[in-house]
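Which chain is which? The protein sequence lines are A, B and C, in order.
Quick note on numbering: my numbering labels position 18 of the first sequence as 201, and the sequence is numbered without any gaps.
Quick note on numbering: my numbering labels position 112 of the second sequence as 533, and the sequence is numbered without any gaps.
Quick note on numbering: my numbering labels position 66 of the third sequence as 97, and the sequence is numbered without any gaps.
Cβ atoms here follow ideal geometry from the backbone N, Cα and C, with glycine treated the same way.
As the structure is a prediction and not an experimental result, all values here were calculated from the model.
A short worksheet on the structure shown next.
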Amino acid sequence: MLELRKDIFADERDDNLKEIGKGTQRQDMLGHVTGTSPYFDDHKLQGMLHLKVVRSAHPHARLRRVDTSEAERSQGVRRVIRASDVPRNLNTLLSLINFGKDDEPSLAVDKVRYKGEPIVAIVADSRARPTRRLPR
Amino acid sequence: MPVTVKTFTSTHDAAAALSSDRSARYLGGGTLVMRALNEGDISISTVVRASDHAMTRIDATGSRITLGAGVTFARILVERDLAFLHAPARSIGGPAVRNMGTVGGNLFAPVPYGDFTVAMLALDATVSVQGGLGGREIALDEFLQSRDRQTGVLVLAISFAKPGSAEAFRYRKIARIKPKGGAVITLAAHLPVNGSRIVGARVALGSMAPTPIRARAAERALEGRSLDASTISAAAAAAVEGTSPGDNALASAWYRREIVGVHLKRLLSGQE
Amino acid sequence: MAKTPLQFRHNGRDVAIFVDGGTNLLVALRELIGDMTPKFGCGQGGCGTCSVLIDGELHLSCLTLAETVAGRSVETLDGLKEGPNLHPLQRAFADNFAAQCGYCTPGMLMAAKALLDRNPQPSRAEVVEAISGNICRCTGYEPIINAVLAAASGGRARA
């Protein structure tokens, strides 16, 4: 018979276990109502960069030419990532199970197949950098 | 890319700055221009503002009402003389958008927005604009037809005759999300009555074309008639004429064409 | 490009910063002042989580050009607490489970404050209208509406 060691967690909770029929405050509630709960967007790291994705405005279109020259010249832009920079998308379900057929590129290669498909990713010092451009 | 913000005390100088720079946009309440900047619109490199108080003036005492372009919807909602415009003003955004969005900016709002402009169009409003060379008055109808080319002018105010009776002006916005949502379609009608006949009927539609438009065929069906069942049916049947709605996430063009007559009928017959 | 000096009142305290042209108030608050309570949601006026009060009026900080608040008073959720104590609205939100993931909560609380400041005893319909510009994807709104009504009818009394 296992002995219930109530002394170990004595500080963590009172052990009268009379919870039924009573409201219990959630642990994260105080943070939520005071706006202090940290979210992904609230992190500020040393040397943090921001990535923005330029997406297709068209549901189905050929990519004739991707002109990133203006983005590359923009102040604060560190790197413009194009499809050729990420030839393999390691993040699709199919590639994770070694299915073999990898037809979901991270960034569109020669054709976009849905409105909003990623085409170019721009890494910059701050999020307030231009992320426009695109052909048809 | 940071933009240059230029604030002028005189509307004349602001208009000159706008007309001399193709990449300049006038910032009213921010709900259109700041949104474009947040999305990284690099076609805007200068933001122009004017602090002239005339831009935020409401003159609603006489029979002709003038609203400064910078008047917000929240201000219309507290103006007792403008009670007939409370329905269109309230149909826009949530409280924060109504505290920010302006009458002048609404003239440029793309589908599914721009509900207030539909009301203005039904009231045969006139827009006062200041260009680089001088000021002029332009009918709202005409202004909207050339809206894409109007970014170089500064809208100062919009004015219109007050409807003779509360009954004469009607407004209806069809939205899927209540109380806040983009319009499926928006309808406004001004039906001044002389004796028992409608004289000077105006029917305006939103989201039935790239800009708010007048339903001229429906107006013709109403003109000179009394507002009875057969007149209403004729106007409803003509509502779709001359429209060119588009598809968006709220409704398809087909659906908009199907329902515009139904809702015009309800608007005219006073049904909820 | 030259930065523009900007002074305004932030939760009752004078602040002075330098902003790039075109910076929105949300970025100014979060990145330059370090007040992380207003959140970035959509950046286009659709969600309301960036809501702040400017001179007591509810505004969307992401659509407000930072320079336009010069000399004005900006209130955020960070200033809602009354010293060490929660504001009655915060207490009511906590007691009524009006937050789940919590991302909309800063905007909801500011929208609710804007309502109660000018209408201390709102009807349910008025509460719905007041938070209509704020999107919540977790709660289904009912707990939030109940919380605002509870705060209005004497949230202080509830422990």
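Bridge partner(s) assigned by DSSP for residue 41(C) | Residue numbering aside, residue 41(C) sits at position 10 when the third sequence is read from its first letter. Residue 41(C) pairs with 44(C), 105(C).
Hey, does residue 516(B) have any beta-carbon neighbour from chain C nearer than 8 Å?
-> For the purposes of this step, residue 516(B) is identified with residue 95 of the second sequence, where counting begins at 1. With 8 Å as the cut-off, residue 516(B) counts as an interface residue toward chain C.
Can you check DSSP and say which residues form a bridge with residue 301(A)?
-> For the purposes of this step, residue 301(A) is identified with residue 118 of the first sequence, where counting begins at 1. 238(A).
So, do the region 65-73 of chain C and the region 660-676 of chain B have three or more beta carbon pairs nearer to each other than 8 Å?
-> no
In terms of residue numbering, what span does the beta strand (DSSP E) encompassing residue 214(A) cover?
-> Against the first sequence, residue 214(A) aligns to sequence position 31. No beta strand (DSSP E) holds residue 214(A); the alpha helix (DSSP H) holding it covers 212-217.
Note down, in chain order, every chain A residue with its Cβ under 9 Å from the Cβ of residue 109(C).
-> The residue labelled residue 109(C) in the question sits at position 78 within the third sequence. Result: 217, 218, 219.
Would you call the CB atoms of residue 249(A) and residue 255(A) closer than 8 Å?
-> Working through the first sequence from its first residue, we reach residue 249(A) at position 66. Working through the first sequence from its first residue, we reach residue 255(A) at position 72. Their beta carbons are not under 8 Å apart, which means residue 249(A) does not touch residue 255(A) by this criterion.
Name the residue from 35(C), 40(C), 171(C) whose alpha carbon lies nearest to the alpha carbon of residue 103(C).
-> The residue labelled residue 103(C) in the question sits at position 72 within the third sequence. Of 35(C), 40(C), 171(C), the residue nearest in Cα terms is 40(C).
Enumerate in chain order the residues of its own chain whose CB-to-CB distance from residue 189(C) is below 8 Å, with the five nearest sequence positions on each side excluded.
-> As a first step, residue 189(C) is located in the third sequence; it is residue number 158 there, counting from the start. For residue 189(C), the pLDDT reaches just 40, beneath the cut-off of 50, and the residue's location in the model is therefore unreliable, although a value from the coordinates is still provided. Closer than 8 Å at the Cβ level, and outside the excluded window around residue 189(C), lie 122, 123, 126, 181.
Give the interface partners of residue 607(B) over in chain C, defined as CB-CB distance under 8 Å, in chain order.
-> Here residue 607(B) refers to the residue found at position 186 when the second sequence is read from its first residue. Residues of chain C passing the Cβ test: none, with the nearest at roughly 18 Å.
Would you please verify whether the beta carbon of residue 170(C) is less than 8 Å from any beta carbon of chain B?
-> Position 139 of the third sequence, counted from the first residue, corresponds to residue 170(C). Answer no: the Cβ-Cβ gap between residue 170(C) and chain B never drops below 8 Å.
How about residue 117(C): is its C-beta nearer than 8 Å to some C-beta of chain A?
-> Taking the third sequence and counting its residues from 1, one reaches residue 117(C) at position 86. Yes - at least one Cβ of chain A is within 8 Å of the one on residue 117(C).
Going by CA-CA distance only, name the one from 277(A), 200(A), 303(A) that's closest to residue 246(A).
-> Position 63 of the first sequence, counted from the first residue, corresponds to residue 246(A). Closest option to residue 246(A), Cα to Cα, is 303(A).
Can you list, in chain order, the residues of its chain whose CB lies under 7 Å from that of residue 487(B), leaving out five sequence neighbours each side?
-> Within the second sequence, numbered from 1, the residue matching residue 487(B) stands at position 66. Taken in chain order, the residues that qualify are 480, 578, 580.
Give the residues from the region 55-88 of chain C that approach chain A closer than 9 Å (Cβ to any Cβ), ordered along the chain.
-> 55, 58, 61, 62, 65, 66, 67, 68, 69, 70, 71
So what's residue 590(B) in DSSP terms, helix, strand or just coil?
-> On the second sequence, position 169 is the one that residue 590(B) refers to. Here DSSP, grouped into helix, strand and coil, assigns residue 590(B) to strand.
Taking the C-alpha atoms as reference points, what is the distance between residue 527(B) and residue 476(B)?
-> On the second sequence, residue 527(B) is found 106 positions in, with the first residue counted as 1. On the second sequence, residue 476(B) is found 55 positions in, with the first residue counted as 1. Going by the C-alpha atoms only, they are around 14 Å apart.
Contacting residues, own chain, Cβ-Cβ under 7 Å from residue 630(B) (five flanking each side not counted) = Along the second sequence, one-based indexing puts residue 630(B) at 209. Counting only Cβ-Cβ distances below 7 Å, and skipping sequence neighbours, we find 664, 665, 666.
Using a Cβ-Cβ cut-off of 8 Å (strictly less than) and excluding sequence neighbours within five positions of residue 519(B), which residues of its own chain qualify?
-> Working through the second sequence from its first residue, we reach residue 519(B) at position 98. So the qualifying residues of the chain are 493, 494, 495, 498, 510, 511, 513.
Residues of chain B with a CB under 9 Å from the CB of residue 161(C): which are they?
-> Start at 1 with the first residue of the third sequence, and residue 161(C) comes out as number 130. In chain order: 515, 516.
Counterpart residues of residue 470(B) in DSSP-defined beta bridges | For the purposes of this step, residue 470(B) is identified with residue 49 of the second sequence, where counting begins at 1. Answer is 428(B).
Start and end residues, beta strand (DSSP E) containing residue 447(B) | As a working mapping, residue 447(B) is identified with position 26 in the second sequence. Where residue 447(B) is concerned, the enclosing beta strand (DSSP E) stretches over 445-447.
Supposed close pair residue 613(B), residue 160(C) - CB separation, criterion 8 Å = The residue labelled residue 613(B) in the question sits at position 192 within the second sequence. The residue labelled residue 160(C) in the question sits at position 129 within the third sequence. Contact between residue 613(B) and residue 160(C) does not hold, since the beta-carbon distance rounds to 32 Å and is not under 8 Å.
Can you find a C-beta in chain A that's less than 8 Å from the C-beta of residue 95(C)?
-> As a working note, residue 95(C) is residue 64 in the third sequence. Chain A, which has no Cβ nearer than 8 Å to the Cβ of residue 95(C), makes this no.
List the residues of chain B that residue 90(C) touches, going by C-beta distances under 7 Å, in chain order.
-> Within the third sequence, residue 90(C) is the residue found at index 59, counting from 1. By Cβ distance, chain B contributes 517, 520, 521.
Roughly how far, in whole angstroms, is the beta-carbon of residue 640(B) from the beta-carbon of residue 624(B), given that I think they are within contact range, below 8 Å?
-> Within the second sequence, residue 640(B) is the residue found at index 219, counting from 1. Within the second sequence, residue 624(B) is the residue found at index 203, counting from 1. Indeed they touch by this definition, with Cβ atoms about 5 Å apart.
Interface residues of the region 425-441 of chain B facing chain C [CB-CB below 7 Å] = Per Cβ criterion, the list reads 425, 426.
Apply the 10 Å Cβ neighbour rule to residue 85(C) and answer buried if 16 or more other Cβ atoms are within range, or exposed otherwise.
-> Residue numbering aside, residue 85(C) sits at position 54 when the third sequence is read from its first letter. Buried, because 16 or more other Cβ atoms sit within 10 Å of the Cβ of residue 85(C).
Sequence-distant residues of the same chain with beta carbon closer than 8 Å to residue 657(B), five excluded per side = Residue numbering aside, residue 657(B) sits at position 236 when the second sequence is read from its first letter. Result list for residue 657(B): 639, 682, 683, 685, 686, 689, in chain order.
Which of the residues in the region 241-272 of chain A, read from start to end, lie with their CB under 7 Å from any CB of chain C?
-> none
What are the residues of the region 133-145 of chain C that lie near chain A, defined by any Cβ-Cβ distance shorter than 9 Å?
-> 133, 134, 136, 137, 140
Using a cut-off of 7 Å between C-beta atoms, extract the partners of residue 225(A) located in chain C.
-> Translated into the one-based positions of the first sequence, residue 225(A) becomes position 42. Neighbours of residue 225(A) on chain C, chain order: 67.
Relative to chain B, which residues along the region 43-55 of chain C have a C-beta separation below 8 Å, given in chain order?
-> 51, 52, 53, 54, 55
Buried or exposed for residue 695(B), please, with buried defined as at least 16 other CB atoms from any protein chain shown within 10 angstroms of its CB.
-> Nothing about residue 695(B) can be reported from this structure: the residues present for chain B run from 422 to 693 only.
Does DSSP classify residue 28(C) as helix, strand or coil?
-> One cannot answer for residue 28(C) here, as it falls past the ends of chain C, which runs 32 to 190.
Pull up the DSSP beta-bridge partners for residue 53(C), would you.
-> Locating residue 53(C) in the third sequence gives position 22, counting from the first residue. Partner(s): none; residue 53(C) has no beta bridge.
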